[in-house]
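Enquirer: Got a structure here, written out as structure tokens. Questions coming.
2 protein chains.
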Amino acid sequence: MRVAVVGATGQAGTVIRSVLAQRGFPVDEIRYVASARSEGSRLDWDGREVAVEDCAKASFDGVDLVLMAAGKGTSKEHAPRMVEDGAIVVDNSSAWRMDPEVPLVVPEVNEDALGSIPKGIVANPNCTAMVAMPVLAPIHKAAGLKRVVVATYQAVSGAGLAGVRELEEQVAKTADQAEGLTLSGSAVEYPPHTVFAEPIAHNVVPYAGSLVDDGLGETDEEKKYRDESRKILGIPDLRLVCTCVRVPVFCGHGAALSLELDRELSAADATEILSCAPGVVLSEIPTPLRVAGGDVSAVGRIRTDETVEHGLSLFVCGDNLRKGAALNAVQIAESLIKIGRLPAA
Amino acid sequence: MRVAVVGATGQAGTVIRSVLAQRGFPVDEIRYVASARSEGSRLDWDGREVAVEDCAKASFDGVDLVLMAAGKGTSKEHAPRMVEDGAIVVDNSSAWRMDPEVPLVVPEVNEDALGSIPKGIVANPNCTAMVAMPVLAPIHKAAGLKRVVVATYQAVSGAGLAGVRELEEQVAKTADQAEGLTLSGSAVEYPPHTVFAEPIAHNVVPYAGSLVDDGLGETDEEKKYRDESRKILGIPDLRLVCTCVRVPVFCGHGAALSLELDRELSAADATEILSCAPGVVLSEIPTPLRVAGGDVSAVGRIRTDETVEHGLSLFVCGDNLRKGAALNAVQIAESLIKIGRLPAA
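Going line by line, the protein sequences match chains X and H. Heads up: the first sequence begins at 232 in my numbering, then just goes up one per residue. Heads up: the second sequence begins at 232 in my numbering, then just goes up one per residue.
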């Protein structure tokens, strides 16, 4: 198996490299690819150094699998060429997710969508929607999802390394200002912010991504959450409304979910179902800190919602860099081996 | 007007003292009262020092108004005695809020409830529910609230000075651990936590308060939000479900609100109504940092929710120490002057 990691020097690419090693993914030859800026720098694989290639100049002849963690534009431009060169591309960006000829896959949920890959590209879902999918799928199977109200608690690493740096810098500059921050937000000086719409340290920002022109006043993050959930869960008309909120957390996306189901499902039965759902762990108080660095979505606060017929509330958290991106991409590749679309070890 | 501030040395009491001064509340004589521990310490009023009295020993003879910011137990024990001594008590604790003979008041919303104060006690609402009330009241008036789904983003100061200290200490100990926190929550050592159920710095904790034994699996914070909203808004059967989440913010509570209304109300009309609602300011991106230190609830992200009939989503933030506690208590006292229950200046 010849594997190329594109965007190898970035945040998601770094986690992909470590997940490949941790899971003993059957790699015979590895190549690291990034933008021209990183060409020639060297990164570790299994104790030896591998030189990073410039994506624009690299050929993908002989590559079986590309794990791609670059931007949407890079993916649009280069993924088709990689497929022409003979590779299957598992892409982390939003470039291909809603293309009807591209499967959008969470292996625990819709591995069967890999049966048809007409463009040679498989899309990895948005990190925020992703962490809830292993939880929502078994509930849908048991009782039918009718409506979902979501409020997210999204970590800064969902906005890349730049997001992490922005929070880190603001925390460093304001860490000793607890009293000032308690009495008045405007009394404390923050360094300039460029990644998030407002200061993020000691704050929450109910605005992630940018507004889309759909007349609904929602952001692209909110639209992705709805559109991708529909596609992954196979419920094209799922009623889902979402408020995406950035919080001062480095890693781990959370979401409060209020569900309306087609049929009765008690909190106890939902708990029982989720206790044996793949990719899910029960947690009394699921928090980002507990899931960061792990592979599963934690779910808790499972309770009946009596304000609506067949209502259920719960809170879910998952590592947005692992399950939300790198891990899921590698899991997709493992599924491709299982179904014979990639060479076995 | 003779005013006693009980709990004067605490977080809410400190803000009450500063709000009284800022608003030029007509104080002829001030007394500061706290627990025995603080007896004899001195606090400023208008440039001179006032000795703090021990609540257990203090008489309230001659006091017109008690602004009480002590715990529930202290309030249960001492408020009736203060009323016997002749004072009106405006109480910040949860001790009296659901008593049918005690008005629970947000002046912009239900000032008329002050028309009957049979026990001589007026209750100040829970800080989390409070900040949404000036926003929900005019929407209810315009289109009727049918169901409300709430996810909160609650600041640590809602749990008192100890909550502020716990976040402050954890931030100080972990401020330089951005990389570790991004890769794995368990890799970073936190100081022990006692106020919140989980570490709060760089984390969110979907568990505020403690579980109540109502068979619904909700916390007392979640129950208070529903019960108090019903009483303040005058909708005894309001369907409201809430998930209370603590976030690493020093001051300012936020909430994502998904509303189902009885009648059509467009996002534009809701915005128009809220633009002239008392105690409310429109904000494109309402954040805790923007409202901390201010007097109004900020509301934004107002948008139509097409997943339900007559649906509306919005995000609201307010200063939990000022509007959520101290300011509202002083506003209640100002209303009591207006209706002749307290002496005018």
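In this text, a Cβ means the ideal position worked out from N, Cα and C, and glycines have one as well. The model shown is predicted, which means the values in this text are computed figures rather than measured ones.
Determine the closest residue to H:Ile563 out of H:Ala344, H:Arg534 and H:Val314, with distance taken between C-alpha atoms.
Expert: Numbered from its first residue, the second sequence carries residue 563 of chain H at position 332. It is H:Ala344.
Enquirer: Taking the straight line between their C-alpha atoms, what separation do you get for X:Ile533 and H:Cys286?
Expert: In the first sequence, counting from the first residue as 1, residue 533 of chain X sits at position 302. In the second sequence, counting from the first residue as 1, residue 286 of chain H sits at position 55. Between X:Ile533 and H:Cys286, the C-alpha separation is close to 43 Å.
Enquirer: For H:Ala373, which residues from the same chain have a beta carbon less than 7 Å from its beta carbon, with the 5 sequence-adjacent residues on both sides left out?
Expert: Mapped onto the second sequence, residue 373 of chain H falls at position 142. Its chain contains Leu496 and Ile504 as the residues whose beta carbon lies nearer than 7 Å to that of H:Ala373, once the 5 sequence neighbours on both sides are disregarded; these appear in chain order.
Enquirer: Using beta carbons (cut-off 8 Å, strictly below), is X:Arg461 in contact with chain H?
Expert: Here residue 461 of chain X corresponds to residue number 230 of the first sequence, with the count starting at 1. False, the Cβ-Cβ gap to chain H never drops below 8 Å.
Enquirer: Might you give, ordered along the chain, the residues of its own chain that have their beta carbon closer than 7 Å to the beta carbon of H:Leu558, omitting 5 neighbours on each side?
Expert: Taking the first residue of the second sequence as 1, we reach residue 558 of chain H at position 327. Result list for H:Leu558: Val250 and Asp526, in chain order.
Enquirer: Below 8 Å, can you find three or more Cβ-Cβ pairs linking the region 400 to 415 of chain X to the region 372 to 387 of chain X?
Expert: no
Enquirer: Apart from the five residues on each side of it in sequence, which residues of its chain come closer than 7 Å, Cβ to Cβ, to X:Val395?
Expert: Counting from one through the first sequence, the residue named residue 395 of chain X turns up at place 164. The residues are Val387, Ser388 and Phe481.
Enquirer: In three-state DSSP terms, what is H:Met329?
Expert: To locate residue 329 of chain H, count along the second sequence from 1; it is residue 98. Three-state DSSP puts H:Met329 in coil, outside helix and strand.
Enquirer: How many angstroms separate the CA atom of X:Pro509 from the CA atom of X:Pro365?
Expert: As a working note, residue 509 of chain X is residue 278 in the first sequence. As a working note, residue 365 of chain X is residue 134 in the first sequence. In a straight line, the C-alpha of X:Pro509 is about 7 Å away from that of X:Pro365.
Enquirer: Taking C-alpha atoms, which residue in H:Glu429, H:Pro479, H:Val512 and H:Leu392 lies nearest to H:Ala243?
Expert: Locating residue 243 of chain H in the second sequence gives position 12, where the first residue counts as 1. Comparing Cα positions, the closest option is H:Leu392.
Enquirer: Counting only beta-carbon atoms, is H:Leu505 nearer than 8 Å to chain X?
Expert: For the purposes of this step, residue 505 of chain H is identified with residue 274 of the second sequence, where counting begins at 1. No, its Cβ sits nowhere closer than 8 Å to a Cβ of chain X.
Enquirer: Ordered along the chain, which non-local residues of its own chain (more than five positions away) have a Cβ less than 8 Å from that of H:Arg273?
Expert: Stepping through the second sequence from its first residue, residue 273 of chain H is reached at position 42. Once the five neighbours on either side are set aside, the close Cβ partners of H:Arg273 are Glu280, Val281, Ala282 and Val283.
Enquirer: Residue range of the beta strand (DSSP E) that H:Ser489 falls in?
Expert: Here residue 489 of chain H is taken as the residue at index 258 of the second sequence, counted from 1. Per DSSP, the unbroken beta strand (DSSP E) holding H:Ser489 starts and ends at His484 to Leu492.
Enquirer: Identify each residue in the region 238 to 256 of chain H for which the Cβ-Cβ distance to at least one residue of chain X is less than 7 Å, and report them in chain order.
Expert: So the list is empty, because no residue satisfies the distance condition.
Enquirer: Starting from H:Ile370, find everything on chain X with Cβ-Cβ shorter than 7 Å and list it in chain order.
Expert: Here residue 370 of chain H is taken as the residue at index 139 of the second sequence, counted from 1. Ordered by position in chain X, no residue passes the 7 Å Cβ test against H:Ile370, which lies about 16 Å from the chain.
Enquirer: In terms of residue numbering, what span does the alpha helix (DSSP H) encompassing H:Val561 cover?
Expert: As a position in the second sequence, residue 561 of chain H is number 330, starting the count at 1. Element bounds for H:Val561: Leu558 to Lys569.
Enquirer: So that I know if they touch, is there some Cβ in chain B lying closer than 8 Å to that of H:Leu558?
Expert: Going by chain labels, chain B is absent from the structure shown, which instead holds the protein chains X and H.
Enquirer: Interface residues of chain X around H:Asn323 at Cβ under 7 Å?
Expert: Here residue 323 of chain H refers to the residue found at position 92 when the second sequence is read from its first residue. By Cβ distance, chain X contributes nothing, its closest Cβ being about 17 Å from H:Asn323, past 7 Å.
Enquirer: Using the C-alpha atoms, what's the distance from X:Arg262 back to X:Met313?
Expert: On the first sequence, residue 313 of chain X is found 82 positions in, with the first residue counted as 1. On the first sequence, residue 262 of chain X is found 31 positions in, with the first residue counted as 1. Taking the CA atoms as reference points, X:Met313 sits about 13 Å from X:Arg262.
Enquirer: Which chain X residues are close to H:Cys358, counting only those with a beta carbon under 7 Å from its beta carbon?
Expert: For the purposes of this step, residue 358 of chain H is taken as the residue at position 127 of the second sequence. Here the premise fails: no neighbours, minimum Cβ distance about 13 Å.
Enquirer: State the beta-bridge partners of X:Phe546 as determined by DSSP.
Expert: One-based indexing of the first sequence puts residue 546 of chain X at position 315. According to DSSP, X:Phe546 bridges with X:Ala487 and X:Gly531.
Enquirer: CA-CA distance, X:Ser514 and H:Ala428?
Expert: Position 283 of the first sequence, counting from 1, holds the residue named residue 514 of chain X. Position 197 of the second sequence, counting from 1, holds the residue named residue 428 of chain H. Spanning the two alpha carbons is a distance of roughly 13 Å.
Enquirer: Would X:Ile466 pass as an interface residue toward chain H - the criterion being a Cβ-Cβ separation below 8 Å?
Expert: Sequence index remark: in the first sequence, residue 466 of chain X carries index 235 (1-based). Answer no: the Cβ-Cβ gap between X:Ile466 and chain H never drops below 8 Å.
Enquirer: For H:Tyr220, name the three-state secondary structure that DSSP assigns.
Expert: Limits of chain H in this structure are 232 at one end and 576 at the other, which puts residue 220 of chain H out of reach.
Enquirer: Mind checking whether X:Ala301 and X:Ile352 have CB atoms under 8 Å apart?
Expert: Within the first sequence, numbered from 1, the residue matching residue 301 of chain X stands at position 70. Within the first sequence, numbered from 1, the residue matching residue 352 of chain X stands at position 121. In this structure, X:Ile352 does not lie closer than 8 Å to X:Ala301 by Cβ.
Enquirer: Taking CB distances under 8 Å as the criterion, tell me whether X:Arg279 reaches chain H.
Expert: Position 48 of the first sequence holds residue 279 of chain X. No, X:Arg279 does not count as interfacial toward chain H.
Enquirer: Counting only C-beta atoms, is H:Arg532 closer than 8 Å to chain X at any point?
Expert: As a working mapping, residue 532 of chain H is identified with position 301 in the second sequence. Chain X contact via Cβ: present.
Enquirer: Who pairs with X:Val380 in a beta bridge, going by DSSP?
Expert: Within the first sequence, the letter at position 149 stands for residue 380 of chain X. BP columns for X:Val380 point to X:Val472 and X:Ser489.
Enquirer: Show which residues of chain X have a CB atom less than 7 Å away from the CB atom of H:Arg378.
Expert: In the second sequence, counting from the first residue as 1, residue 378 of chain H sits at position 147. Under the 7 Å cutoff, chain X gives Thr538 and Val539.
Enquirer: Considering Cα atoms alone, identify which of H:Lys462, H:Arg477 and H:Pro479 is closest to H:Leu471.
Expert: Position 240 of the second sequence, counting from 1, holds the residue named residue 471 of chain H. For H:Leu471, the nearest C-alpha among the options comes from H:Lys462.
Enquirer: Got a sec, what are the start and stop residues for the alpha helix (DSSP H) H:Ile247 sits in?
Expert: In the second sequence, the residue the question calls residue 247 of chain H occupies position 16. Note, H:Ile247: alpha helix (DSSP H), Gln242 to Gln253.
Enquirer: To the nearest angstrom, report how far apart X:Ala439 and X:Glu453 are at their CA atoms.
Expert: Taking the first sequence and counting its residues from 1, one reaches residue 439 of chain X at position 208. Taking the first sequence and counting its residues from 1, one reaches residue 453 of chain X at position 222. When rounded, the distance between both Cα atoms is 8 Å.
Enquirer: Give me the Cα-Cα distance between H:Val539 and H:Glu491, rounded to the nearest whole angstrom.
Expert: Your numbering for residue 539 of chain H matches position 308 in the second sequence. Your numbering for residue 491 of chain H matches position 260 in the second sequence. Spanning the two alpha carbons is a distance of roughly 7 Å.
Enquirer: Grab the span of the beta strand (DSSP E) containing H:Glu342 for me, first residue to last.
Expert: Taking the first residue of the second sequence as 1, we reach residue 342 of chain H at position 111. Segment: none, H:Glu342 is in no beta strand (DSSP E) and carries neither H nor E.
Enquirer: Can you name the start and end residues of the beta strand (DSSP E) that X:Ile261 belongs to?
Expert: Numbered from its first residue, the first sequence carries residue 261 of chain X at position 30. Glu260 to Ala265 is the span of the beta strand (DSSP E), which, as asked, contains X:Ile261.
Enquirer: Is DSSP giving X:Ile504 helix, strand or coil here?
Expert: Residue 504 of chain X sits at position 273 when you count from the first residue of the first sequence. Looking at X:Ile504 - three-state DSSP - the assignment turns out to be helix.
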